[in-house]
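Residue 15 in UniProt numbering sits at position 15 of the sequence shown, and the numbers go up by one each step. Ideal placement from N, C-alpha and C gives every residue a C-beta, glycine not left out. Inspection log for the structure reproduced underneath, given as structure tokens.
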Amino acid sequence: MVSTIELSKRQEQIVQIVKDNGPITGEAIADRLSLTRATLRPDLAILTMAGYLEARPRVGYFYTGKTGQQLLADKIKKIKVMDHQSIPVVVNESLSVYDAIVTMFLEDVGTLFVVDKSSLLVGVLSRKDLLRASLGNQDLKSIPVTIIMTRMPNITMCEKDDLLLEVAHKLIDKQIDALPVVKHSERGIEVIGRITKTNMTKALVALAGDEIL
Numbered sequence: 001m002v003s004t005i006e007l008s009k010r011q012e013q014i015v016q017i018v019k020d021n022g023p024i025t026g027e028a029i030a031d032r033l034s035l036t037r038a039t040l041r042p043d044l045a046i047l048t049m050a051g052y053l054e055a056r057p058r059v060g061y062f063y064t065g066k067t068g069q070q071l072l073a074d075k076i077k078k079i080k081v082m083d084h085q086s087i088p089v090v091v092n093e094s095l096s097v098y099d100a101i102v103t104m105f106l107e108d109v110g111t112l113f114v115v116d117k118s119s120l121l122v123g124v125l126s127r128k129d130l131l132r133a134s135l136g137n138q139d140l141k142s143i144p145v146t147i148i149m150t151r152m153p154n155i156t157m158c159e160k161d162d163l164l165l166e167v168a169h170k171l172i173d174k175q176i177d178a179l180p181v182v183k184h185s186e187r188g189i190e191v192i193g194r195i196t197k198t199n200m201t202k203a204l205v206a207l208a209g210d211e212i213l
């Protein structure tokens, strides 16, 4: 389970005061804790940014009623692909299966995106595709990747403004390791990034780090 923000004792007291008495001003909260408004300001800012409290001008602070888990879920639902996409490894459709295997090994990736002479997406190569092709006595240097790749329109894609959670569902449903992040233009479909299971893991780790701070 991803850790949620750990409140200090004073922050817990503030949340309880607002929960019991809201709407309530910052000055009133400070009086109840026998503190100055300036001393309390950082705690109120943290609780508001974290989503525990809501502040309204000339009215005061409200308790949102959300638990730490609910607040974390809200943050996850707002993360977009562009926040965590990485650089795609792209190969030309004329490449041989042998060279594709070498490229995948050297780049240390599990998926290659195949483009045509105009740099437009035409296919996707996975580890499974290359492993399947390498079985037997075939001359891999003479087989083009177009023979074994997944072709359009059977490629699952995403765009930079898509929600990361939706893309995660696609990876699970399709049982694949990566999706190309694409941009549609008059020329066709261009690959501008990739989202992998590793990207998803890094996103969760980054989010956990933010919550623990």
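Discussion item. Considering just the uninterrupted stretch of the beta strand (DSSP E) at P180, what are its terminal residues?
Written reply: 178–184
Worksheet item: Using the C-alpha atoms, what's the distance from G123 back to N92?
Response: 10 Å
Discussion item. Under 8 Å, with one C-beta from each stretch per pair, do the region 116–133 and the region 142–154 reach the 3-pair mark?
Written reply: yes
Discussion item. Under 8 Å, with one C-beta from each stretch per pair, do the region 173–188 and the region 107–122 reach the 3-pair mark?
Written reply: yes
Worksheet item: What residue range is occupied by the uninterrupted beta strand (DSSP E) comprising G193?
Response: 189–196
Item to complete: Report, in whole angstroms, the separation of the C-beta atoms of K75 and L204, which I expect to be a contact under 8 Å.
Response: Their Cβ separation, rounded to whole angstroms, is 11 Å, which puts K75 and L204 out of contact at 8 Å.
Worksheet entry | Those residues which DSSP pairs with K80 across a bridge | Answer is L163, bridged to K80.
Practice prompt. Measure the Cβ-Cβ separation of L131 and S96 and say whether it is below 8 Å.
Written response: no
Discussion item. If I follow the unbroken beta strand (DSSP E) through V115, where does it start and stop?
Written reply: 111–115
Worksheet item: Which residue or residues does DSSP assign as beta-bridge partners of S86?
Response: R194
Item to complete: Determine contact between the region 161–170 and the region 32–42, defined as no fewer than three beta-carbon pairs at a distance below 8 Å.
Response: no
Discussion item. Looking only at its chain, what residues have a beta carbon closer than 7 Å to the beta carbon of Q16, apart from the 5 residues adjacent to it on each side?
Written reply: none
Worksheet entry | Residue ranges of each alpha helix (DSSP H) within the region 106–152, 4 or longer | 127–134
Worksheet entry | Nearest to G60 (by Cα), restricted to the options V18, R32, I46 | Nearest of V18, R32, I46 to G60, Cα basis: V18.
Worksheet item: Expressed to the nearest angstrom, what Euclidean distance is found between the alpha-carbon atoms of M82 and R10?
Response: 37 Å
Fill in: Pairwise C-alpha distance: R58 and A24
In the sequence under discussion, the amino acid at residue 24 is Ile, which differs from the Ala named in the question. The alpha-carbon atoms of I24 and R58 are separated by roughly 10 Å.
Fill in: Within 8 Å, strictly: CB atoms of L171 and K77
no
Worksheet item: If you compare alpha carbons, which of R127, H84, V115, S134 is closest to M104?
Response: R127
Practice prompt. Please classify D43: is it buried, with 16 or more other beta-carbons within 10 angstroms of its beta-carbon, or exposed?
Written response: buried
Item to complete: Would you kindly check if the distance between the Cβ of G188 and the Cβ of P88 is under 8 Å?
Response: No; because the gap between Cβ atoms is not below 8 Å, this pair is not in contact.
Practice prompt. Could you tell me whether the Cβ atoms of I46 and I29 are closer together than 8 Å?
Written response: No, they are not a contact pair.
Fill in: Candidates S185, E54, Q85, D31, of which the one nearest D161 by Cα
Q85
Worksheet entry | Coarse secondary structure for G60, derived from DSSP in three states | strand
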